[in-house]
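Taking it in order: structure first as structure tokens, then the write-up.
Written as structure tokens, this is what we have:
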């Protein structure tokens, strides 16, 4: 059974989109966060509402991580943070937050197939998913060998004659970090240097050329205090001031699932600190929230904030309280 994102009716004719980065999955436009959709997941956009677009999530979840719940016409609620997969024990499509309500479609062993319609920032769904065009390989002594297996089954090859060098297959996805945001996909096989290994992931260095016009500018220095540092020493940095650049995604209000923030308090759901790809919650006063209502998804801000928590109860998302903000930057094209 095909699982993932789907839309019914006339909307099914819209072009699919393959997400290039982790994307929040919201109950309503700018509303409560139900979870996050992982990079590489294909979605079909639905109707729009301002800066947000509707998508429907369908996949499989471990039944033991849910509990019966009939609120709002649903069947289940997520009991603890859990992955949603394309198939039982299959590829992870999204991570669902505790309390997210789901409609059960079917069961298989200890798994439940579920469905939920939600919203995502429209700016993160802007690029249609286009399969990379294969680049013809140069003639070589191996040209007469059988064709390689499909992209999703071909293993990484480590040439024995060149230790530390590997061959990446066509279609390999490049990510910022293990299970992190996608950077792009190789349109042709490429050799690379093996830099580091972490479980099923390896860090590589690929030599390539780009056009001068594609250079956006000098690389910004990494933040002095990163989210990795917060995770490693959750108490050390509480109360400290950070100077971060963040990418705005949506306005939110704190709920009972995030006791690290006063219930009902406005906050920003943002990505950062840049260039990191994870999420961060930025607590606001009512005055700050009113002043920032004009922000559009993917606008970048330079903020000075105080660390309030290294993570929330259920998610590895830091909470900071805004002190002041710089000028909003133009959205990434």
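Residue numbers (our numbering): 46 to 378.
The C-beta atom is built at its ideal place from N, Cα and C for all residues, glycine as well.
Review point. Under a Cβ-count criterion, where at least 16 other Cβ atoms within 10 Å of its own Cβ denotes burial, should residue 294 be classed as buried or exposed?
Key: The residue you call residue 294 lines up with position 249 of the chain shown. That one is buried.
**Study point:** Run of the alpha helix (DSSP H) containing residue 297, from where it starts to where it stops
**Key:** The residue you call residue 297 lines up with position 252 of the chain shown. That residue, residue 297, is in no alpha helix (DSSP H); its beta strand (DSSP E) goes 286 to 298.
Check your understanding: Is the CB-CB distance between residue 146 and residue 119 below 7 angstroms?
Key -> Position 101 of the chain shown holds residue 146. Position 74 of the chain shown holds residue 119. Cβ atoms of residue 146 and residue 119: closer than 7 angstroms.
Practice item. Below 7 angstroms CB to CB, which residues in the same chain sit around residue 398 once its five sequence neighbours on both sides are set aside? Key: Beyond the ends of the chain as shown, which are 46 and 378, falls residue 398; an answer cannot be given.
Exercise for review: Could you spell out where the alpha helix (DSSP H) holding residue 275 opens and where it closes?
Suggested key: In the chain shown, residue 275 corresponds to position 230, counting from 1. Per DSSP, residue 275 belongs to the alpha helix (DSSP H) from 272 to 277.
Review point. Ordered along the chain, which non-local residues of its own chain (more than five positions away) have a Cβ less than 7 angstroms from that of residue 187?
Key: Reading the chain shown from its first residue, position 142 is the one you call residue 187. Only weak support exists for where residue 187 lies, its pLDDT of 42 falling under 50; the coordinates are left without a value.
**Study point:** Alpha-carbon to alpha-carbon, residue 324 and residue 362
**Key:** Here residue 362 refers to the residue found at position 317 when the chain shown is read from its first residue. Here residue 324 refers to the residue found at position 279 when the chain shown is read from its first residue. One C-alpha to the other measures close to 6 angstroms.
Review point. So what does DSSP say about residue 257, is it helix, strand or coil?
Key: As a first step, residue 257 is located in the chain shown; it is residue number 212 there, counting from the start. Reduced to three states, the DSSP call for residue 257 is helix.
Point to revise | Residue span of the beta strand (DSSP E) that contains residue 345, given as start and end | key: Start at 1 with the first residue of the chain shown, and residue 345 comes out as number 300. Run containing residue 345: 345 to 354, per the beta strand (DSSP E) assignment.
Check your understanding: Quick one: is residue 166 buried, meaning 16 or more other Cβ sit within 10 Å of its Cβ, or exposed?
Key -> By one-based count along the chain shown, residue 166 stands at place 121. With 16 or more Cβ atoms within 10 Å of its Cβ, residue 166 is classed as buried.
Review point. DSSP puts residue 158 in a beta bridge; with which residues?
Key: The count along the chain shown starts at 1 and reaches residue 158 at position 113. Beta-bridge pairing links residue 158 to 105 and 151.
Exercise for review: Can you have a look at residue 89 and say buried or exposed, based on whether 16 or more other CB atoms are within 10 angstroms of its CB?
Suggested key: The residue labelled residue 89 in the question sits at position 44 within the chain shown. So residue 89 counts as buried.
Practice item. Could you name the residues of the same chain whose beta carbon sits closer than 8 angstroms to that of residue 139, not counting the 5 residues immediately before and after it, in chain order? Key: Along the chain shown, one-based indexing puts residue 139 at 94. Here the set comprises 70, 80, 81, 82, 83, 86, 102, 104, 128 and 129.
**Study point:** Rounded separation between residue 137 and residue 274 - CA only
**Key:** Residue 137 sits at position 92 when you count from the first residue of the chain shown. Residue 274 sits at position 229 when you count from the first residue of the chain shown. Going from the Cα of residue 137 to the Cα of residue 274 covers about 26 angstroms.
Review point. What residue range is occupied by the uninterrupted alpha helix (DSSP H) comprising residue 331?
Key: Here residue 331 corresponds to residue number 286 of the chain shown, with the count starting at 1. That run of the alpha helix (DSSP H) goes 331 to 336.
Review point. Helix, strand or coil: how does DSSP classify residue 232 here?
Key: Stepping through the chain shown from its first residue, residue 232 is reached at position 187. Coil, per DSSP.
Check your understanding: What do you get for residue 228, buried or exposed, if any count of 16 or more other CB atoms within 10 angstroms of its CB means buried?
Key -> Translated into the one-based positions of the chain shown, residue 228 becomes position 183. Looking at its Cβ environment, which holds fewer than 16 other Cβ atoms inside 10 Å, residue 228 is exposed.
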